[in-house]
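**Student:** One structure, as structure tokens, below. Some questions next.
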Amino acid sequence: MSNDKAKHILTVFWVLSDPSHVEKMGELVAAVEAQREIPGVLSVKHGPRTSEVDWEGPDKAFDYGMVLTFDNFDSARAYVPHPIHQTLVSTILRLGSEVSDIRGFWIDR
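Following the numbering used here, the numbering of the sequence shown begins with 18 at its first residue and continues without gaps.
The following block contains the structure:
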């Protein structure tokens with residue numbers, strides 16, 4: 018795989034104190050959608066955990082998740098300290114998640 022063609026993917030999952038609160042979820046969705054404004058973010062997909070599956074599960078350890086794809090490694094590295102991302106983190110924490118409840122995983126493809 019060539020580094021020029023590599024995509025860097027971040028998956029993040031977290032818990033919320035009240036995932037059924039409509040106004041709070043609207044605020045969260047707006048903060049997640051704002052990630053699209055960060056340079057190098059190619060795509061943002063997100064949503065609440067679903068329980069409507071026909072197999073054992075799904076994992077109930079999170080309430081909401083997102084998947085971001087970045088155009089290159091430098092964009093991925095610049096994401097975490099970016100002010101728009103930091104606003105999202107603040108929103109997640111204010112809505113009831115603890116830092117230890119936020120799980121993130123990087124994937125390169």
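All residues carry an ideal CB built from backbone N, CA and C; glycine is no exception.
In angstroms with no decimal places, state the Cα-to-Cα distance between F87 and Q52.
**Tutor:** Reading the sequence shown from its first residue, position 70 is the one you call residue 87. Reading the sequence shown from its first residue, position 35 is the one you call residue 52. Between F87 and Q52, the C-alpha separation is close to 11 Å.
**Student:** Under DSSP, the beta strand (DSSP E) around L30 begins and ends at which residues?
**Tutor:** One-based indexing of the sequence shown puts residue 30 at position 13. What sits at residue 30 in the sequence shown is Phe, not Leu. H25 to W31 is the extent of the beta strand (DSSP E) around F30.
**Student:** Measure the C-alpha to C-alpha separation of Y96 and L59 and round it to an integer number of angstroms.
**Tutor:** As a working note, residue 96 is residue 79 in the sequence shown. As a working note, residue 59 is residue 42 in the sequence shown. Each residue's Cα considered, the two are about 12 Å apart.
**Student:** Name, in chain order, the residues that DSSP records as bridge partners for L110.
**Tutor:** As a working note, residue 110 is residue 93 in the sequence shown. None, per the DSSP bridge assignment.
**Student:** So, helix, strand or coil for G121, using DSSP?
**Tutor:** Numbered from 1 along the sequence shown, position 104 holds the residue referred to as residue 121. G121 falls in the strand class under three-state DSSP.
**Student:** In angstroms, rounded to a whole number, what distance separates the CA positions of M18 and H102?
**Tutor:** For the purposes of this step, residue 18 is identified with residue 1 of the sequence shown, where counting begins at 1. For the purposes of this step, residue 102 is identified with residue 85 of the sequence shown, where counting begins at 1. Bear in mind that a pLDDT of 42 at M18, under 50, signals an unreliable position, so the number given afterwards is only what the model happens to contain. C-alpha separation (whole angstroms): 28 Å.
**Student:** DSSP three-state call for H63: helix, strand or coil?
**Tutor:** Taking the sequence shown and counting its residues from 1, one reaches residue 63 at position 46. Three-state DSSP puts H63 in a strand.
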